[in-house]
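K.L.:
Okay, handing you the structure first.
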Amino acid sequence: MPDARHLTRLILLLAALLTLHGCSTSGGKKEGAEEAGPGPATEGAEVTPGTAAGVAMPLGDEARIDLEYLDDPASPLSQRVVYFDFDSDVVPPEWRDVVAAHGKLLAKYPDLHVRLEGHTDERGSREYNLGLGERRARAVAERMRLEGAQQTQMSIVSFGEEKPADPGHDETAWAKNRRVEIVYER
Amino acid sequence: MSTSRSLPRLAAILYTSALLALCSRVGAVLEVEITQGVEGAIPIAIAPFGGAEIASEHVDGVIESDLRNSGLFETLPPPRFPETPTPGQPPNLAAWRQAGVDYLVTGSLSPDGPGRYTVHAVLWNVLAGRPLLDFSVRAAAQALRRAGHQIADRVYQELTGERGAFDTRIAYVAVRTRPDGTRRYLLQIADSDGHNPRTVYDSPQPLLSPAWSPDGRRLAYVSFESGRAAVYVQELATGHRQQVSGGRGTRSAPAWSPDGQRLALALSVEGNFDIHVLELASGRLSRLTFGRAIDTEPVWSPDGKAIFFTSDRSGRPQVYRIAASGGPAQRITFEGRYNASPDVSPDGRWLAVVHLDRGGYRIATLDTAGGALQVLTDGRLDESPSFAPNGRLILYATEHAGRGVLAAVSRDGRVRVRLSTPDEDVREPAWGPYRHD
């Protein structure tokens, strides 16, 4: 019988690995990393995602399967960036399933925690954009809460236009920059 | 155009180019771009200052570029100078009149103890044939540019009736990208013409929204060093800095009250910014706005009684006014679907905003008492308007050749000056108050 504490530890470990392994494209700690996109982490390189699945530890099958979806391209959980329309904080219909899937995962594992990072494109004032990024992150949090995620499982942070995913100055770049990144932590 | 007219113009262009080449060595360049006619610009000449060979700075050059960049003066290029006045002797005013100027500034530097100078300046009314101003400024060797700005301020005030703002400073954020792609964000202060830049804070995380305290001794600004936006106040003389408002939530967009005792700021606890006022001595925070709209970018009216701010409560960002003690907010901007980032002129009459104008974010002004909005710039992403302490120019951020630069536009839109620093992306300008040091 897998012990519940072990299960929790494993979930946390997996979440940490996911964070290190490029779930976080925000560069919250590593400046400049956001332009590189997902890729091998430079810190903690001895821990590779391959070892995560192979951890010799009693494991709740169900939890393992759920969390593996975070890296399964066929699962909505593998998508951890949600994009927005210009000057809008409404989660577009095509992204609602993704947000709902993450909300359900949080509801199922109350020890999981996500940081929701709101971003905007470069147009308009920086301070207003900081407010817009904040509200985009909140819009995602509210949808996750509808799926049963707890307020305490989510923290909101806005970078406004300060950390573009694409440094370009055209609509293609702007569309990539109007986003909320869902970052699993701890 | 006649040859007699185009030759002086060519001389002026060559002279300006030479001046720009000279300036680029010291790190900052001012490029003047007169957008509309300068009919009525005052013709003036700044003669070479005697004794200048003992100093490293050309005080006369500082005065000349200050006056010319204001757009209110047409300065005579040196190739057309009829003479080099001899210190201690009156200039040949008839010859200067012949050269086409109404006013002339002469001056000289003399040693005043080790590493110090006395700069003596005289402003002549060439037509009337008499001096209007005769005064001296004392300065340390490294402060000679400042002496030049102070002289330019006196001349400007004498001839325009308006206080000069050349001897002031600006703050801004410069971003340097290293070869490995990482960035440094530098909080900079510099003279009003971009010279003497100095870094007061350096961070690997974004910096935003510097705001000068009314006495010019402190800067409030936003730093992401804690992982989220928070407001810091830094004393310029000592470099001492502290987070003035910690705790839960995100804090941003600081604005000093005119008495320097309070900061208005935008605070978000659960994902939505509202305007709050922080009393600095006690740390007491009072909330001014409520509701689900983004309320941010507060700025105080000069009398301290009202706060202007940006809100999207109508669906799109517009500027509103609220009493500093709270109460209902009144909408100020109605033209167009985007008006944000307000700044109030020092006399309280004008508001400068970022206005979305036919696809471009541009600087516009409007009368706080009502009236049409006037678009002053034609950029694509012009931001962060900040009035000079005399209200004549508005400093703002724009882009040029793919990077952020600073520019200033006169409140009537007739004169634009671009100010750039090499190898940097520059943004978030804030024009400091008159200096009292």
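Protein chains in written order, with the numbering used here: chain A, 1 to 186; chain B, 1001 to 1437.
Built from N, CA and C at the ideal position, the CB exists for glycine as well.
(1) How is the beta strand (DSSP E) around Ala1329/B delimited, first residue to last?
(2) For a contact defined as C-beta to C-beta under 8 Å, what are the partners of Glu1297/B on chain A?
(3) Should Ser1209/B and Tyr1221/B be called a contact, given that it needs their Cβ atoms to be closer than 8 Å?
(4) Can you give me the start and stop residues for the beta strand (DSSP E) that His1276/B sits inside?
(5) Would you say Arg179/A lies against chain B (beta-carbon separation less than 8 Å)?
(6) Do you know whose CA, among Thr1250/B, Pro1302/B, Lys1305/B, Val1244/B, lies nearest Ser1282/B's CA?
(7) Applying a beta-carbon distance threshold of less than 8 Å, which residues of chain B neighbour Arg96/A?
(8) DSSP three-state label for Asp87/A, please.
(9) As a quick exercise: from Ala149/A, Val157/A, Ser155/A, Arg123/A, pick the residue whose alpha carbon is nearest that of Pro167/A.
(10) Quick one, which residues of the region 80-108 of chain A are near chain B if we go by CB-CB under 8 Å, in chain order?
(11) Looking only at its own chain, which residues have a Cβ that is under 6 Å from the Cβ of Val1354/B, when we skip the five neighbours before and after it?
(12) With a threshold of 7 Å on Cβ separation, who are the neighbours of Trp1096/B within its own chain once the five nearest residues in sequence on each side are excluded?
(13) Pick helix, strand or coil for Asn1125/B, following the three-state DSSP scheme.
(14) Residues in the same chain with beta-carbon distance under 7 Å from Gln1157/B, minus the five sequence neighbours each way, listed in chain order, please.
(15) If I follow the unbroken alpha helix (DSSP H) through Glu142/A, where does it start and stop?
(16) Confirm, please, whether the CB-CB distance from Gly1271/B to Ser1213/B is below 8 Å.
(17) Is Val157/A near Val82/A, with beta carbons less than 8 Å apart?
(18) Under 8 Å between C-beta atoms, does Phe1273/B make it to chain A?
(19) To the nearest angstrom, how far is it from the Cα of Ala1052/B to the Cα of Val1417/B?
(20) Can you tell me which of the three DSSP states Ser24/A falls into?
(21) Can you have a look at His1276/B and say buried or exposed, based on whether 16 or more other CB atoms are within 10 angstroms of its CB?
(22) Is there a Cβ of chain A sitting closer than 8 Å to that of Ser1252/B, yes or no?
(23) Taking 6 Å as the limit between beta carbons, can you name the residues of its chain near Arg1380/B, skipping five residues before and five after?
(24) Could you check whether Val1231/B and Arg1241/B sit closer than 8 Å to each other, using their CB atoms as the reference points?
(25) Could you tell me which of Leu1144/B, Asp1193/B, Gly1161/B sits nearest to Gly1432/B, measuring between CA atoms?
(26) What beta strand (DSSP E) runs, 3 residues minimum, are completely inside the region 1182-1230 of chain B?
(27) Are the beta-carbon atoms of Arg1411/B and Thr1377/B separated by less than 8 Å?
(28) Residues in the region 1219-1237 of chain B with C-beta within 9 Å of chain A's C-beta atoms, listed in sequence order?
(29) When the Cα of Ala1407/B is compared with those of Arg1414/B, Thr1398/B, Leu1187/B, which residue comes out closest?
(30) Out of curiosity, what's the CA-to-CA distance linking Asn129/A and Phe1166/B?
(31) Which whole-angstrom value is the C-beta distance of Glu142/A and Lys104/A, which I expect to be below 8 Å?
(32) Taking Glu194/A as part of the alpha helix (DSSP H), name the residues at either end of that continuous run.
(33) Between which two residues does the beta strand (DSSP E) holding Glu117/A run?
(34) Tell me, please, whether the CB atom of Arg143/A is closer than 8 Å to any CB atom in chain B?
(35) Which residue wins for smallest C-alpha separation from Ile198/A, given the options Ser78/A, Trp174/A, Tyr69/A, Pro73/A?
(36) For a cutoff of 8 Å on Cβ pairs, would you count His1320/B as touching chain A?
P.N.:
This is what the structure holds:
(1) Run containing Ala1329/B: none; DSSP gives neither H nor E here.
(2) Neighbourhood of Glu1297/B in chain A, by CB distance below 8 Å: Ser125, Glu127, Tyr128, in chain order.
(3) Yes, they are a contact pair.
(4) Residue range 1273-1279 is occupied by the beta strand (DSSP E) that includes His1276/B.
(5) For Arg179/A, the answer is no, since every Cβ of chain B falls outside 8 Å of its Cβ.
(6) When Thr1250/B, Pro1302/B, Lys1305/B, Val1244/B are compared, the shortest CA-CA separation from Ser1282/B is found for Val1244/B.
(7) Chain B residues near Arg96/A: none, gap ~18 Å exceeds 8 Å.
(8) Assignment of Asp87/A by DSSP, reduced to helix, strand and coil, places it in the coil class.
(9) For the set Ala149/A, Val157/A, Ser155/A, Arg123/A, the Cα lying nearest the Cα of Pro167/A is the one of Arg123/A.
(10) Within the region 80-108 of chain A, the residues whose Cβ lies closer than 8 Å to some Cβ of chain B are Asp87, listed in chain order.
(11) Within the same chain, Cβ atoms closer than 6 Å to the Cβ of Val1354/B are found at Ala1340, Ser1341, Tyr1361, Glu1383, the five residues on either side in sequence being excluded.
(12) Short of 7 Å from the beta carbon of Trp1096/B, and not among the five residues preceding or following it, lie these beta carbons of its own chain, in chain order: Ala1045, Pro1082, Leu1104, Val1126.
(13) When secondary structure is reduced to three states using DSSP, Asn1125/B falls in the strand class.
(14) Excluding residues within five positions, the ones whose Cβ falls inside 7 Å are Arg1163, Gly1164.
(15) Looking at the DSSP string, the run of the alpha helix (DSSP H) that includes Glu142/A is 126-146.
(16) No, the Cβ-Cβ distance between Ser1213/B and Gly1271/B is not below 8 Å.
(17) Cβ distance not < 8 Å, so Val157/A and Val82/A don't count as in contact.
(18) Answer yes: the Cβ-Cβ gap between Phe1273/B and chain A drops below 8 Å somewhere.
(19) Looking at the two C-alpha atoms, the distance is approximately 28 Å.
(20) Note that Ser24/A has pLDDT 36, beneath the 50 cutoff, so the model's placement of it is unreliable and the number below is only indicative. It is coil, neither helix nor strand.
(21) Its Cβ being crowded by 16 or more others within 10 Å, His1276/B is buried.
(22) The beta carbon of Ser1252/B falls within 8 Å of a beta carbon belonging to chain A, placing the residue at that interface.
(23) Excluding sequence neighbours, Arg1380/B sits near Gly1360.
(24) Taking 8 Å as the Cβ cut-off, Arg1241/B and Val1231/B do not qualify as a contacting pair.
(25) For Gly1432/B, the nearest C-alpha among the options comes from Asp1193/B.
(26) Listed in chain order, the complete beta strand (DSSP E) runs (minimum 3 residues) inside the region 1182-1230 of chain B are 1183-1191, 1198-1203, 1207-1212, 1218-1223.
(27) No, the Cβ-Cβ distance between Arg1411/B and Thr1377/B is not below 8 Å.
(28) For the region 1219-1237 of chain B, which is checked against every Cβ of chain A, the residues closer than 9 Å are Val1222, Phe1224, Gly1227, Arg1228, Ala1229.
(29) With distances taken between Cα atoms, Ala1407/B lies closest to Thr1398/B.
(30) Whole-angstrom Cα-Cα distance: 32 Å.
(31) In this structure Glu142/A is not in contact with Lys104/A, their Cβ atoms being roughly 15 Å apart against a cut-off of 8 Å.
(32) The first residue shown for chain A is 1 and the last is 186, placing residue 194/A beyond what the model contains.
(33) Residues 113-119.
(34) Judged by the 8 Å Cβ criterion, Arg143/A is not in contact with chain B.
(35) Outside the displayed range of chain A (1 to 186) lies residue 198/A, so it cannot be described from this structure.
(36) Per the sequence shown, residue 1320/B should be read as Tyr rather than His. The beta-carbon of Tyr1320/B is placed no less than 8 Å from the nearest beta-carbon of chain A.
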